[in-house]
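J.:
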Amino acid sequence: MLLLLVVFYGPVVRSAARVPGMERELARLQVENARVRDLSAALDSAESRYAQVRQMMGGEIVRDRLTITSSLPVAPPIRARLASAAAAPAEGLGPPQLWPLDETGYITRGQVKAGGRDEAHPGIDIAVSVGSLVRASGGAIVLQAGEDPEYGHFVLLDHSDEYQTMYGHLSRTLVTSGATVSPGQVIGLSGNSGRSTAPHLHFEIRQRGLSLDPQTMVKEGR
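Using the working numbering, the letters of the sequence shown correspond one by one to residues 491 to 712.
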């Protein structure tokens, strides 16, 4: 009888002894599966955001050699909205107050002051598709409208009151030197000219020849 018990119940006892170990292994696998699902969701979200920015910029995002070596700081994304007509100052010369774009864009590079570890970068870069309307940030006289190896096609406005604004990497300029422009007037179309690796608008504000961070004067939605 004892022999029969050993024969029939021995395997059952051994299987029961393995159950706690199997349960621990199952718990470990469940935790790993949860981590894989979280990672997959994060990757899907990142790919979706990348695709949106790539589509908006009209092609692959390629960082130039300077950006790769210097790791320039990047400003947080800011939505660029249509400037409100009510916010426009009166006709005539005046300080920059308006956002220069109608089309939604993202700030991909912020201002970097000279004298630091990274290459100086006056102004901000706003990623938008080629051909977006570029508007004067305030009433001004066109000081220059031309082409430069760095800025490509550009427009430089003199607002008096010690202020100037620069609009670079345009695909086309729509004003000429010496002309007077009103606040919000279209002065060019955004592009990818000059030293640029993807379509964007380079926007600067200068006071007495010194570069200011445009975000301190021009607010989102204005």
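Using N, Cα and C, we set each Cβ at its ideal position, and we do this for glycine too.
Note that this is a predicted model, so its numbers are computed, not measured.
Name the residue from Arg685, Met707, Leu591 and Arg514 whose alpha carbon lies nearest to the alpha carbon of Ala626.
T.: Minimum Cα distance to Ala626 is reached at Leu591.
J.: Contact defined as beta carbons within less than 8 Å: I believe Ser661 pairs with Leu679. What is the distance between those atoms, to the nearest angstrom?
T.: Right, their Cβ atoms sit about 5 Å apart.
J.: I'd like to know whether the C-beta atoms of Val624 and Pro689 end up nearer to each other than 8 Å.
T.: Cβ distance not < 8 Å, so Val624 and Pro689 don't count as in contact.
J.: Among residues of its own chain, excluding the 5 on either side of Gly631, which ones have a beta-carbon nearer than 6 Å to its beta-carbon?
T.: It should be pointed out that residue 631 corresponds to Ile in this sequence rather than to Gly. If we look at Ile631 and ignore the five residues flanking it on each side, its Cβ neighbours are Asp648 and Thr670.
J.: Find the nearest neighbour of Ser650 within the set Gly629, Ser672 and Gln705, judged by alpha-carbon distance.
T.: Taking only the C-alpha atoms, the option nearest Ser650 is Gly629.
J.: Is Gln675 helix, strand or coil when you go by DSSP?
T.: Residue state, collapsed to three classes: coil.
J.: Using alpha carbons as the reference points, say which of Val620, Ser683 and Gln697 lies closest to Glu593.
T.: Cα-wise, what sits closest to Glu593 is Val620.
J.: In three-state terms, what does DSSP make of Arg685?
T.: Coil at Arg685, not helix or strand.
J.: Let me confirm a value: Arg696 is counted as buried when at least 16 other C-beta atoms fall within 10 Å, else exposed. Which label applies?
T.: Burial call: buried.
J.: May I ask which residues mark the beginning and end of the beta strand (DSSP E) holding Gly584?
T.: First-last for Gly584: undefined, no H or E at that position.
J.: Report, in whole angstroms, the separation of the C-beta atoms of Pro612 and Ser701, which I expect to be a contact under 8 Å.
T.: Confirmed, about 4 Å.
J.: In chain order, what residues of the same chain have a beta carbon less than 8 Å from the beta carbon of Gly636, not counting five sequence neighbours either side?
T.: So the qualifying residues of the chain are His643, Phe644, Thr663 and Ser667.
J.: Cα separation between Ile616 and Pro704?
T.: Computed Cα separation, rounded: 11 Å.
J.: For Glu652, collect the residues of the same chain with a Cβ closer than 6 Å to its Cβ; drop the 5 residues on either side in sequence, then sort them by chain order.
T.: Result list for Glu652: Gln697 and Arg698, in chain order.
J.: Contact check, Thr687 vs Pro586 under 8 Å by CB: the rounded distance?
T.: Wrong, their Cβ atoms sit about 26 Å apart, outside the cutoff.
J.: Which first and last residues belong to the beta strand (DSSP E) in which Asp703 is found?
T.: First-last for Asp703: undefined, no H or E at that position.
J.: Quick check: Tyr657 and Phe693, are their CB atoms within less than 8 Å of each other?
T.: Cβ distance < 8 Å, so Tyr657 and Phe693 count as in contact.
J.: Quick one: what's got a C-beta closer than 8 Å to Met707's C-beta in the same chain, skipping five residues either side?
T.: Result list for Met707: Pro585, Pro586, Gln587 and Ile695, in chain order.
J.: Looking at the unbroken beta strand (DSSP E) that takes in Thr666, where does it start and where does it end?
T.: Counting along the chain, Thr666 falls outside any beta strand (DSSP E), and DSSP gives it neither H nor E.
J.: Decide if Gly595 is buried, meaning its Cβ has at least 16 other Cβ atoms within 10 Å, or exposed.
T.: It counts as buried.
J.: Should Gly582 be labelled buried (16 or more other beta-carbon atoms within 10 Å of its own) or exposed?
T.: Counting Cβ neighbours within 10 Å, Gly582 comes out exposed, since fewer than 16 surround it.
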